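Since the structure comes first, as structure tokens, the remarks are kept for the end.
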Amino acid sequence: MDTGVYTPAAAGANGEAYARALGKWIPVTAHLVAPDGSSYMYVDARITGSALHFVDRHQDRLVVASAGPILVLGFVSLQSVAYSAPDANGRLTTWLLDTTTLQSTTVSKDRLYDWAGGGAIWRVGPAARGSGSALYRLDVRTGAETIWFDVDGYLGPEPSQSPSFTSEGEAHTPQNSLHHNFGIIGFDASGHPVVQLGSPGDAGASATLLITSPQTVQTIVVPGANGPGHLVPESATGGHSALWMVDAGGHVAVYRGAGPLEIIANVPVPAGSKAELAGPCS
């Protein structure tokens, strides 16, 4: 793939992700697939509640039934999956499912998390100082939570400015978007999160970063360098000592940690659709 040559996979027409160990395309997004592609999760949402299923090469098993919604954060590791669902009292709770025993344990009732990967679950919350936001990592083995990334620490304090208004209320400025809109779009092969700052809809006002340890950042796409015609990745994964990314328009890029981001292919995307990664490289 690093040559820029790609081959359409006809068998992928009915699936969003490719499970390598199962050897087939499956109808779920890549974050619901085990790191080695040997199993995957899906939620069967019904009027009366939700059912969480675990699928491997042997069978499809219903592992959790809930009267409320279930949201799968993803695979924390090969052995565990994080998800949120109401507890017996209806309180939304973050749980950890052991993929061997298929038993769930409570991870957090106090805070809600948004992503899973690299042996941890992750959330966005207020920074320890100032009015900015930060990325928090909860180690599921120890229960310790640490700040891995502080937006204001990276960008500098958000400049004070008079708000502008539209007919719908206060307008969001590009700088406002950079400081307050961010999330994880994937993980590298070592489980480090790839973070997107800002909004893909704000040309030149987003950035892509790799967080390798607390407050240690590799800037992949610098703020303001991704205007019209530039890559604004929406999904990322690791493989072959590199980080692979794709944006909604089908621009495929590889980042090797040294040197600039390299756009290696532009995959045609049908109107009304968007491109996303189907899984890590084999």
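Numbering (the working numbering), first residue to last: 724 to 1005.
We treat Cβ as the ideally placed atom computed from N, Cα and C, and that holds for glycine.
Treat the numbers as computed from the prediction; the structure is a model and nothing was measured.
Rounded C-beta distance between residue i and residue j? I'm assuming under 8 Å.
i	j	result
residue 972	residue 914	Residue 972 to residue 914, Cβ: 28 Å. No contact.
residue 773	residue 793	4 Å
residue 931	residue 917	7 Å
residue 745	residue 760	6 Å
residue 1006	residue 965	Outside the shown range of the chain, which is 724 to 1005, sits residue 1006, and nothing can be said about it.
residue 981	residue 954	No, residue 981 and residue 954 are not in contact; Cβ-Cβ is about 18 Å, not under 8 Å.
residue 946	residue 901	6 Å
residue 839	residue 798	6 Å
Quick check on DSSP: helix, strand or coil for residue i?
i	result
residue 753	helix
residue 1058	Any question about residue 1058 goes unanswered here, given that the chain covers just 724 to 1005.
residue 984	coil
residue 902	helix
residue 815	strand
residue 809	strand
residue 833	coil
residue 852	coil
residue 801	coil
residue 760	coil
residue 995	coil
residue 934	strand
residue 955	coil
residue 793	coil
residue 783	strand
residue 1002	coil
residue 916	strand
Under the DSSP definition of a beta bridge, which residues are partnered with residue i?
i	result
residue 929	921
residue 747	742
residue 974	989
residue 868	861
residue 769	772
residue 907	918
Tell me the residue span of the beta strand (DSSP E) that contains residue i.
i	result
residue 849	843-849
residue 779	772-779
residue 942	939-944
residue 840	838-840
residue 825	That residue, residue 825, is in no beta strand (DSSP E); it is neither H nor E in DSSP.
residue 966	965-969
Exercise. Using 8 Å as the threshold, is the segment 863-880 in touch with the segment 845-852, meaning 3 or more CB pairs across them?
Worked result: yes
For this session: Report yes or no: do three or more beta-carbon pairs, one from the segment 900-912 and one from the segment 821-836, lie closer than 8 Å?
Result: no
Exercise. Between the segment 819-826 and the segment 797-806, do at least 3 Cβ pairs fall closer than 8 Å?
Worked result: Yes, the segment 819-826 is in contact with the segment 797-806.
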